[in-house]
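Peer 1: Below is the structure I would like to discuss, written out as structure tokens.
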Amino acid sequence: MTAQETMKSKLLGKIADRTAVTGVIGLGYVGLPLAMEFCEAGFTVLGFDVSERVVALLMRGESHIQDVPAAKIAQFVKSGRFVATTDETKLRDADTISIAVPTPLAKTRDPDMSYVIAAAETVARNARPGMLMVLESTTYPGTTRDVMQPRLEARHLTIGSDVFLAFSPERVDPGNPVWNTKNTPKVLGGITQACTDVAAALYGTCIDHIVPVSSPETAELVKLLENTFRSVNIGLANEMAIICDHLGVDVWEVIDAAATKPFGFMKFTPGPGIGGHCIPLDPHYLAWKMRTLNYKTRFIDLASEINSAMPDLVAAKVALALNDESKSVRGSRVLVLGVAYKRDIDDMRESPALDVIRLLEERGAQVAYHDPHVPKFRDEEKEHAGVALTDAEIARADVVVIVTDHSAINYQHLVDTAHLIVDTRNALAKTTPSKARIVSLTPRAVNGALPATAVER
Ligand code: SAJ
376 MTAQETMKSK
386 LLGKIADRTA
396 VTGVIGLGYV
406 GLPLAMEFCE
416 AGFTVLGFDV
426 SERVVALLMR
436 GESHIQDVPA
446 AKIAQFVKSG
456 RFVATTDETK
466 LRDADTISIA
476 VPTPLAKTRD
486 PDMSYVIAAA
496 ETVARNARPG
506 MLMVLESTTY
516 PGTTRDVMQP
526 RLEARHLTIG
536 SDVFLAFSPE
546 RVDPGNPVWN
556 TKNTPKVLGG
566 ITQACTDVAA
576 ALYGTCIDHI
586 VPVSSPETAE
596 LVKLLENTFR
606 SVNIGLANEM
616 AIICDHLGVD
626 VWEVIDAAAT
636 KPFGFMKFTP
646 GPGIGGHCIP
656 LDPHYLAWKM
666 RTLNYKTRFI
676 DLASEINSAM
686 PDLVAAKVAL
696 ALNDESKSVR
706 GSRVLVLGVA
716 YKRDIDDMRE
726 SPALDVIRLL
736 EERGAQVAYH
746 DPHVPKFRDE
756 EKEHAGVALT
766 DAEIARADVV
776 VIVTDHSAIN
786 YQHLVDTAHL
796 IVDTRNALAK
806 TTPSKARIVS
816 LTPRAVNGAL
826 PATAVER
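For the sequence shown, this note's numbering begins at 376 and goes up steadily by one.
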């Protein structure tokens with residue numbers, strides 16, 4: 376047996392009998408659930424994070440991630456199965472290291488690779504023969520080969536024989552009641568076949584369905600295709616809203632009817648723009664990479680252009696709605712309803728509500744917000760505190776703007792109480808007409824009747 380085969384078979388053996396120590400760098404919404412799955416699979420797990428606060432709370436058996444119960448952490452900390460640390464030298468004891476650190480965009484909308492580079496250097500400083508490293512952070516194609524591999528080779532470690540290196544995209548959807556780390560298929564691609572084999576063996580111990588692909592670039596692109604697909608189709612839905620507004624047609628009725636097609640169609644809906652830490656960001660990693668190769672990724676750029684223009688369109692709708700009441704935006708009181716980036720969560724990252732609020736304040740509106748999941752938040756300038764959704768608060772608003780359609784809101788009571796509502800999410804579709812005048816992104820087909828402004832037949 377060659378040296379490579381020996382190293383590979385030794386590591387495969389330690390994975391099979393669970394004596395391998397599995398390391399996870401980055402104990403956030405991706406890394407912590409993964410660490411828990413490794414614990415459940417019977418491994419001793421070493422979690423590394425740069426945050427003293429996170430490491431301390433985890434070692435107290437507490438959880439900072441909504442999908443990871445504190446009891447599970449406490450159980451594995453107590454049994455010694457899970458240890459969190461900020462001491463990178465402890466990584467030398469790990470046989471495998473999965474890296475799940477952030478990959479944000481810089482202000483220039485270019486990739487901010489600082490976290491990945493820091494993690495790569497941490498791994499390289501503590502790497503030893505026999506280790507498997509798997510990068511999970513969403514990034515541009517080529518990162519594993521161009522950022523991870525050279526740093527390991529600089530330590531005289533040959534990929535595929537001394538150490539094993541792969542990419543495996545994270546597919547964590549926080550709060551998803553159906554899909555979790557264990558039951559979501561896991562794509563992975565290694566620098567060499569041996570790298571792919573070892574990565575597949577590791578993840579196969581705790582994830583139901585493994586999808587090996589032929590290279591890290593393939594795996595990196597799989598993730599980018601998944602989220603670019605969403606961004607482009609959301610952009611199409613938003614452009615359809617603009618088209619329907621010009622034509623005097625209810626875009627929601629069009630989409631709902633199109634969605635009755637049992638094949639060849641997938642429903643996406645227009646809205647006030649796109650938020651979150653994935654969809655607004657991930658496609659820009661691919662666009663950036665392709666710019667370095669002098670290729671312009673037109674679909675990505677156009678979708679981004681349309682999606683990021685939606686907050687302006689919403690602000691214009693609000694201004695028009697107030698104008699129809701002979702009111703100016705300046706001096707009007709606006710109540711924004713729902714600020715999280717999507718329904719029924721508390722995450723504010725890249726939320727379009729931030730842009731809508733800023734645009735309305737810039738036009739002189741007095742903006743308050745209510746969000747049952749977000750009692751307060753800080754933007755670049757100041758802290759915002761939510762207001763209670765009382766009848767008095769609704770009544771004193773010149774206009775209520777539904778930006779995020781949380782399920783917890785009583786929308787019928789809202790239309791019974793408010794004077795004027797701008798609905799950017801079709802949240803009021805099932806309400807019966809009442810006191811409030813309702814303005815949508817497009818004219819609303821109420822009770823099946825075409826809006827008065829429908830195109831002349
Ligand atoms: N949005 C629309 N119209 C749509 C769908 C979404 O305007 O038809 C908006 C949302 O309101 C939100 C943004 O786009 O502001 C992103 O929404 P999302 O449903 O894509 O949710 P995310 O950002 O949480 O995306 C995550 C991604 N998961 C991973 O990357 C692992 C994405 O791949 C998932 O498909 C998505 O969750 C999901 O399906 O929940």
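Just so you know, even glycine gets a beta-carbon here, dropped at the ideal spot from N, CA and C.
(1) Tell me whether glutamate 364 counts as near the ligand SAJ, meaning its Cβ is closer than 7 Å to at least one heavy atom of that ligand.
(2) Under 8 Å: do the stretch 715 to 722 and the stretch 684 to 695 share three or more Cβ pairs, one atom per stretch?
(3) Enumerate in chain order the residues of its own chain whose CB-to-CB distance from glutamate 511 is below 7 Å, with the five nearest sequence positions on each side excluded.
(4) Sort out for me which residues DSSP pairs leucine 587 with in a bridge.
(5) Between the beta-carbon of threonine 571 and the beta-carbon of leucine 577, is there less than 8 Å?
(6) Return helix, strand or coil for alanine 529, following the three-state DSSP convention.
(7) I'd like the ranges of any beta strand (DSSP E) spanning at least 3 consecutive residues and lying wholly in the stretch 405 to 455.
(8) Alpha carbons only, please: which of Glu595, Asn682, Thr533, Gly517 is nearest the one belonging to proline 504?
(9) Among Pro655, Gly650, Trp627, which has the Cα closest to the Cα of phenylalanine 643?
(10) So, is alanine 701 buried or exposed, given that buried needs 16 or more other C-beta atoms within 10 angstroms?
(11) By how many angstroms is the C-alpha of alanine 459 removed from the C-alpha of lysine 385?
(12) Exposed or buried, what is phenylalanine 373 when buried is set at 16 or more other beta-carbons lying within 10 Å of its beta-carbon?
(13) Do valine 774 and valine 797 have their beta-carbon atoms positioned less than 8 Å apart in this structure?
(14) Going straight from the alpha carbon of methionine 508 to that of valine 425, what length do you get?
(15) Give me the Cα-Cα distance between leucine 600 and proline 486, rounded to the nearest whole angstrom.
(16) Return helix, strand or coil for threonine 668, following the three-state DSSP convention.
(17) Between which two residues does the alpha helix (DSSP H) carrying valine 790 extend?
(18) Give me the Cα-Cα distance between leucine 407 and cysteine 414, rounded to the nearest whole angstrom.
(19) Thinking just about the alpha-carbon of each residue, which of Leu803, Pro479, Ser536 is nearest to the one in threonine 567?
(20) Would threonine 478 count as contacting chain D if we go by Cβ distances under 8 Å?
(21) The ligand SAJ and tyrosine 515: does the residue's C-beta get closer than 7 Å to at least one heavy atom of that ligand?
(22) Taking the CB atoms as reference points, tell me whether threonine 635 and proline 591 lie closer together than 8 Å.
(23) Which value, in whole angstroms, describes the spacing of the CA atoms of alanine 446 and leucine 421?
(24) I want to check one thing, is the minimum distance from the CB of glycine 610 to the heavy atoms of the ligand SAJ below 7 Å?
(25) Using 7 Å as the cut-off, classify the Cβ of valine 547 as near or not near the heavy atoms of the ligand SAJ, replying yes or no.
(26) Given serine 606, which residues of its chain have a CB within under 6 Å of its CB, disregarding the five upstream and five downstream residues?
(27) Could you check the C-alpha separation between glutamate 427 and lysine 810 for me, to the nearest Å?
(28) Keeping to the same chain, check which residues put their C-beta closer than 6 Å to that of arginine 819; ignore five residues upstream and five downstream.
(29) For glycine 398 and alanine 575, what's the separation of their Cα atoms in angstroms?
(30) Looking only at its own chain, which residues have a Cβ that is under 7 Å from the Cβ of threonine 419, when we skip the five neighbours before and after it?
(31) Using a Cβ-Cβ cut-off of 6 Å (strictly less than) and excluding sequence neighbours within five positions of tyrosine 744, which residues of its own chain qualify?
(32) Quick one, which of Gly650, Lys561, Gly565 has its alpha-carbon nearest phenylalanine 539's?
(33) Kindly indicate which three-state DSSP category glutamate 756 falls into: helix, strand or coil?
Peer 2: Taking the geometry as given:
(1) There is simply no residue 364 to check, as the chain begins at 376 and stops at 832 in what is shown.
(2) Segments in contact, no.
(3) The residues are Val405, Ser473, Ile474, Ala475, Ser543, Pro544, Glu545.
(4) Looking at the sequence itself, residue 587 is proline, so the reference to leucine does not match. DSSP, once it has assigned bridges, lists Leu563 as partnering proline 587.
(5) With respect to leucine 577, threonine 571 sits apart: the two C-beta atoms are not nearer than 8 Å.
(6) Annotated three-state conformation of alanine 529 is coil, per DSSP.
(7) As far as the stretch 405 to 455 is concerned, its whole beta strand (DSSP E) runs of at least 3 residues are 419 to 423.
(8) Closest by alpha carbon: Thr533.
(9) That would be Trp627, whose Cα lies nearest to the Cα of phenylalanine 643.
(10) It should be pointed out that residue 701 corresponds to serine in this sequence rather than to alanine. Serine 701 is exposed by the Cβ-count criterion.
(11) Looking at the two C-alpha atoms, the distance is approximately 26 Å.
(12) A query on residue 373 cannot be resolved here, the shown segment of the chain reaching from 376 to 832 and no further.
(13) Contact annotation: valine 797 and valine 774 have beta-carbon atoms nearer than 8 Å.
(14) Going by the C-alpha atoms only, they are around 18 Å apart.
(15) Leucine 600 and proline 486: Cα-Cα distance of roughly 17 Å.
(16) Note that residue 668 corresponds to leucine in the displayed sequence, not to threonine. It is coil, neither helix nor strand.
(17) For valine 790, the enclosing alpha helix (DSSP H) covers residues 786 to 792.
(18) When the Cα atoms are used, leucine 407 and cysteine 414 turn out to be separated by approximately 11 Å.
(19) For threonine 567, the nearest C-alpha among the options comes from Ser536.
(20) This model lacks chain D altogether; it includes just one protein chain.
(21) Incorrect: tyrosine 515 has no Cβ contact closer than 7 Å to the ligand SAJ.
(22) 8 Å or more divides the Cβ of threonine 635 from the Cβ of proline 591.
(23) Cα to Cα, the separation comes out at about 18 Å.
(24) Glycine 610 has its Cβ no nearer than 7 Å to any heavy atom of the ligand SAJ.
(25) The beta carbon of valine 547 sits closer than 7 Å to at least one heavy atom of the ligand SAJ.
(26) Result list for serine 606: Ile654, Pro658, Ala678, in chain order.
(27) If you draw a straight line from the Cα of glutamate 427 to the Cα of lysine 810, it is about 53 Å long.
(28) Cβ-Cβ distances below 6 Å link arginine 819 to Asp625 in the same chain, with the five nearest sequence neighbours on each side left out; the list follows chain order.
(29) If you take the alpha carbons of glycine 398 and alanine 575, they lie about 16 Å apart.
(30) Annotation for threonine 419: Val396, Arg456 place their beta carbon closer than 7 Å to its own, counting only its chain and skipping 5 residues before and after.
(31) Closer than 6 Å at the Cβ level, and outside the excluded window around tyrosine 744, lie Val711, Val714, Gly761.
(32) Per the Cα distances, Gly565.
(33) Here glutamate 756 sits in coil by DSSP.
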